[in-house]
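Chemist:
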Amino acid sequence: MGTEKSHINIVVIGHVDSDKSTTTCHLIYKLGGIDKRVIERFEKEAAEMNKRSFKYAWMLDKLKAERERGITVDIALWKFETTKYY
């Protein structure tokens with residue numbers, strides 16, 4: 001019988017401007033859930049808008065208003081797998 005992966009859900013909540021999106025996407029990236037080329041693309045876009053620190057947050061912040069204002073407006077869901085979890 002094969003090894004089954006455990007299922008895990010993570011919810012991130014916090015005060016406005018507490019870097020929830022940035023921290024969450026950085027974690028997903030470090031766990032291999034986001035390709036380096038994708039991060040590089042967002043890094044370039046953020047630099048063009050003079051918002052370099054937003055490169056990770058923009059993985060979750062898809063709306064134009066979110067990027068212009070620098071705040072998350074809508075919820076975001078992200079599914080990825082690690083060697084142990086899905």
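For the sequence shown, counting from 1, position 73 maps to 73 in full-length UniProt numbering; every step adds exactly one.
No residue lacks a Cβ here, since even glycine has one placed at the ideal position from N, Cα and C.
None of these values were measured; they are calculated from a predicted model.
1. Are the CB atoms of LYS20 and GLY14 nearer to each other than 8 Å?
2. Identify every residue that forms a DSSP beta bridge with TYR86.
3. For the putative contact between TRP58 and PHE80, defined by C-beta atoms under 8 Å, what is the C-beta separation to the nearest angstrom?
4. By DSSP, does SER18 sit in helix, in strand, or in coil?
5. Tell me, which residues are paired with SER6 by DSSP?
Modeler: Based on what the coordinates show:
1. Yes.
2. None, per the DSSP bridge assignment.
3. That belief does not hold up - the Cβ atoms of TRP58 and PHE80 are roughly 17 Å apart, past 8 Å.
4. coil
5. Bridge partners of SER6: TYR85.
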